Amino acid sequence: MKTVIVGGVAGGMSAATRLRRLDESAEIVVFERGPYVSYANCGLPYHVGGVIADRSSLLLQTPESLAARFRLDVRTGHEVISVDPVARTVSVLDLAAGDTVIEHYDELVLAVGAAAREAAGHPGIPTHTLRTVEDVDAIGALVEAAADHPSALVVGGGFIGLEAVENLVRRGIHVTLIQRPAQILTPLDAEMVAPLEAQLRSHGVDVRTAVTIDSAVSDAVLLTDGTELRPDFIVDASGVVPSIDLARSAGLRVGPTGGIAVDPSNRTSDEHIYAVGDGVEKVDAVSGEGALVTMAGLANRHGRSVADVIGGRDERNTPALGTAIVKVFDTVAARVGWSERQLAAAGRPHRVIHTHPASHATYYPGAEPLSMKLLVDPESDAILGAQIVGGAGVDKRIDVIAVAMAGGLTASGLARLELAYAPQFGSAKDPVNQLGYVADNLRTGTTRTIQWHELAAAREAGATLVDVRTALEHAAGAIPGSLNIPVDELRDRLAELPDGPLIVHCQVGQRGHTAARILDQHGRDVVNLDGGYRTWAAGEGRSRQSSMAEQDSAAGASV
Ligand code: FAD
Numbered sequence: 106m107k108t109v110i111v112g113g114v115a116g117g118m119s120a121a122t123r124l125r126r127l128d129e130s131a132e133i134v135v136f137e138r139g140p141y142v143s144y145a146n147c148g149l150p151y152h153v154g155g156v157i158a159d160r161s162s163l164l165l166q167t168p169e170s171l172a173a174r175f176r177l178d179v180r181t182g183h184e185v186i187s188v189d190p191v192a193r194t195v196s197v198l199d200l201a202a203g204d205t206v207i208e209h210y211d212e213l214v215l216a217v218g219a220a221a222r223e224a225a226g227h228p229g230i231p232t233h234t235l236r237t238v239e240d241v242d243a244i245g246a247l248v249e250a251a252a253d254h255p256s257a258l259v260v261g262g263g264f265i266g267l268e269a270v271e272n273l274v275r276r277g278i279h280v281t282l283i284q285r286p287a288q289i290l291t292p293l294d295a296e297m298v299a300p301l302e303a304q305l306r307s308h309g310v311d312v313r314t315a316v317t318i319d320s321a322v323s324d325a326v327l328l329t330d331g332t333e334l335r336p337d338f339i340v341d342a343s344g345v346v347p348s349i350d351l352a353r354s355a356g357l358r359v360g361p362t363g364g365i366a367v368d369p370s371n372r373t374s375d376e377h378i379y380a381v382g383d384g385v386e387k388v389d390a391v392s393g394e395g396a397l398v399t400m401a402g403l404a405n406r407h408g409r410s411v412a413d414v415i416g417g418r419d420e421r422n423t424p425a426l427g428t429a430i431v432k433v434f435d436t437v438a439a440r441v442g443w444s445e446r447q448l449a450a451a452g453r454p455h456r457v458i459h460t461h462p463a464s465h466a467t468y469y470p471g472a473e474p475l476s477m478k479l480l481v482d483p484e485s486d487a488i489l490g491a492q493i494v495g496g497a498g499v500d501k502r503i504d505v506i507a508v509a510m511a512g513g514l515t516a517s518g519l520a521r522l523e524l525a526y527a528p529q530f531g532s533a534k535d536p537v538n539q540l541g542y543v544a545d546n547l548r549t550g551t552t553r554t555i556q557w558h559e560l561a562a563a564r565e566a567g568a569t570l571v572d573v574r575t576a577l578e579h580a581a582g583a584i585p586g587s588l589n590i591p592v593d594e595l596r597d598r599l600a601e602l603p604d605g606p607l608i609v610h611c612q613v614g615q616r617g618h619t620a621a622r623i624l625d626q627h628g629r630d631v632v633n634l635d636g637g638y639r640t641w642a643a644g645e646g647r648s649r650q651s652s653m654a655e656q657d658s659a660a661g662a663s664v
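In terms of our numbering, the sequence shown has 232 at position 127, counting the first letter as 1, and numbering is strictly consecutive.
In structure tokens:
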């Protein structure tokens, strides 16, 4: 039995090594067109920044080490250029020698990943993507060669673009970050990325959203907001598209998202060809439809499970949640499932919860603020997605929620999770439990909330906004036109409240909830501003910035 694997990094090498562990007698050949196999592409940006100083620590294996431990026939510098599914052969180009050979397979695994979606060319300005060890070598050389006051333009504010920005700043480069959408990190909602953008700006990064490259001439690029830049170099992180050339050459079915279509066992439309990783369309856990989710965990897991299938086991993928995390300087942002924007665009009913707990008990030193967002199906109470931004503890909470989603727990069910607690690590009511309490209050109608972006319309319709924080907090920054009655005085000052619907708010939503309960029990029609002043300020601030950026961009585009 001979298995040929195309692509020797995340998915491909997971498949090859698992297959060997299952079958000592299998013939396993891996073709990799690049010079390296099994390297840590997720670590690449950190070598640019000098955090991972030793380049060789990114290179996890070599063809020799893989031959020694796993008896794999790994051929780097070999590009598979076509597949003949009838003859069950691949044509392989030896890139150094220029020769093409035909190799037979019994089973074929395509683990060819995705290709960078490159922005327009920039004549005269060195431009690199950040995908491979060779890219990192090239960017490293540009950093070394840059002028006295070096500057770089990073195109794309997604996960890899943000990691590139941070690491270039570490090297003393002045970075301009441009992002075509109106916010960075679009898997998260606008109000959630506000702290990230603030963090970037506080490190001197020139963040420009709703902006792209208009034209490039000689040593300058003209942005759509009218700015002309002369960066020493450009890092192009404008996204990826599935590599499907080989799949097309084999006549394999490609899904509506543009990724190779596979069944839950990662079998393509040809029964002897499998595909895994970034090139493949996944099943989205929230919609049940095809989705592109280009993450290392899925590539590794599906690489392993495809080996199980080839080895004769009945192994099936679970749908993809899209769990992801990134750290930008001191701020960590993570998400799982769908965002509010996605749900709204799909017309899917959803309930939104914002909380702002501390990472651990505030009486123990070192607690850091978290901003959490939970998206809930109002009918079934199913968790549709979550986003968390903060410092310590973001990773743990997003993983707990990912596990809850995978296990089919409801949002209210989060309240009942028994999570490890000591003051250094969490709270007796962990931030995840607190999300569950809010979800349960909403599910049972114990409380009603309003979102930051719904506030203006509700006030226009006649609701009165009551700020239940202290007078000191109110003076330090308030939503214009709000009436300040601190929650502790509320019972005694009920007569001061005008007739009609009320909206209460505090700093993060918790005192607002108490105020809403008091007023509700006094017969008032009351809702609590979800996430309080903090969420409102983040959302409003972002909206103002993006509408200003859009105006600038439109003005720039028209000159
Ligand atoms: P890859 O790992 O990209 O491997 C595909 C291989 O196939 C390539 O080496 C390519 O040369 C080879 N190939 C393609 N065509 C051919 C051909 N015709 N013949 C021979 N060989 C071919 N994910 C996370 O979850 N967390 C992170 O923190 C994270 N950080 C990242 C940072 C960077 C800079 C990058 C680039 C990616 C990051 N990712 C991260 C994404 C993650 O690396 C990918 O999801 C994962 O590597 C995909 O695995 P794959 O096997 O599909 O493709």
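Positions of the beta carbon are idealized from the N, C-alpha and C atoms, including for glycine. Keep in mind that this is a model prediction, so the values were computed, not measured.
Whether residue i touches residue j by CB criterion (8 Å)
i, j, result
"V457", "K432", "no"
"I339", "V316", "no"
"N538", "L519", "yes"
"T436", "V391", "no"
"A404", "G116", "yes"
"I186", "L200", "no"
"D337", "A355", "no"
"T108", "D189", "no"
"I244", "A342", "no"
"R236", "G155", "no"
"D319", "R335", "no"
"A516", "G550", "no"
"G442", "M510", "yes"
"S464", "E473", "yes"
"R440", "P292", "yes"
"L448", "H455", "yes"
"D383", "T399", "yes"
Cβ distance (whole Å) where residue i is taken to contact residue j below 8 Å
i, j, result
"L215", "V111", "5 Å"
"L577", "V609", "L577 to V609, Cβ: 18 Å. No contact."
"P462", "L475", "6 Å"
"T619", "A507", "Contact flag wrong, Cβ pair sits at about 31 Å."
"V346", "H227", "Incorrect: roughly 20 Å between the Cβ atoms, too far for contact."
"A396", "T362", "6 Å"
Through-space distance from residue j to residue i, alpha-carbon basis
i, j, result
"L177", "E137", "13 Å"
"P150", "A566", "50 Å"
"L163", "V238", "8 Å"
"V241", "T332", "28 Å"
"D368", "C611", "49 Å"
"A321", "E302", "26 Å"
"G393", "L426", "10 Å"
"E570", "E445", "A quick correction: the sequence has Leu, not Glu, at residue 570. Each residue's alpha carbon lies about 24 Å from the other."
"A287", "V298", "11 Å"
"V195", "P424", "30 Å"
"P300", "Q615", "21 Å"
"V280", "A497", "26 Å"
"E645", "Y638", "10 Å"
"G261", "L524", "37 Å"
"R358", "V385", "11 Å"
"D204", "E184", "11 Å"
"M106", "R453", "48 Å"
"G661", "D413", "Low confidence applies to G661: its pLDDT is 40, below 50, so where it sits in the model is not reliable enough to give any reading."
"V664", "G531", "Because V664 sits at a pLDDT of 27, beneath the cut-off of 50, its placement in the model cannot be relied upon, and the point is left open."
"A659", "R313", "Low local confidence applies: a pLDDT of 48 at A659 is under 50, so the model's placement there is unreliable, with the coordinate-based value given in what follows. A659 and R313: Cα-Cα distance of roughly 13 Å."
"Y379", "H407", "10 Å"
"R421", "N371", "8 Å"
"L607", "R596", "15 Å"
"H377", "G218", "19 Å"
"A533", "R126", "44 Å"
"D419", "L290", "37 Å"
is_contact[residue i, chain C] using C-beta, thresh 8 Å
i, result
"A450", "Chain labels in this structure do not include chain C; a single protein chain is all it has."
task: Any chance you could list the beta strand (DSSP E) runs of at least 3 consecutive residues sitting entirely within the region 130–174, in chain order?
output: The region 130–174 is shown to contain whole beta strand (DSSP E) runs of 3 or more residues at 132–137, in chain order.
task: Ignoring anything shorter than 4 residues or poking outside the region 346–410, list the alpha helix (DSSP H) runs there in chain order.
output: Listed in chain order, the complete alpha helix (DSSP H) runs (minimum 4 residues) inside the region 346–410 are 350–354.
field: Completely contained beta strand (DSSP E) runs for the region 570–626, where each covers 3 or more residues
entry: DSSP runs (the beta strand (DSSP E)) wholly in the region 570–626: 607–610.
query: In chain order, which continuous runs of the alpha helix (DSSP H) of length 4 or greater are located wholly inside the region 283–344?
result: Along the length of the region 283–344, whole alpha helix (DSSP H) runs at least 4 residues long occupy 295–307, reported in chain order.
Uninterrupted beta strand (DSSP E) stretches inside the region 204–252 (no shorter than 3 residues): With a minimum length of 3 residues, the continuous beta strand (DSSP E) runs that stay inside the region 204–252 are 205–209, 212–215, 219–221.
query: Which ranges does the beta strand (DSSP E) cover as unbroken runs of at least 3 residues, wholly within the region 492–521, from first to last along the chain?
result: Those beta strand (DSSP E) runs which fall completely within the region 492–521 and span 3+ residues do not exist here.
message: Ignoring anything shorter than 3 residues, give me the beta strand (DSSP E) runs that lie fully in the region 454–496, in order along the chain.
response: DSSP runs (the beta strand (DSSP E)) wholly in the region 454–496: 456–460, 475–481, 488–495.
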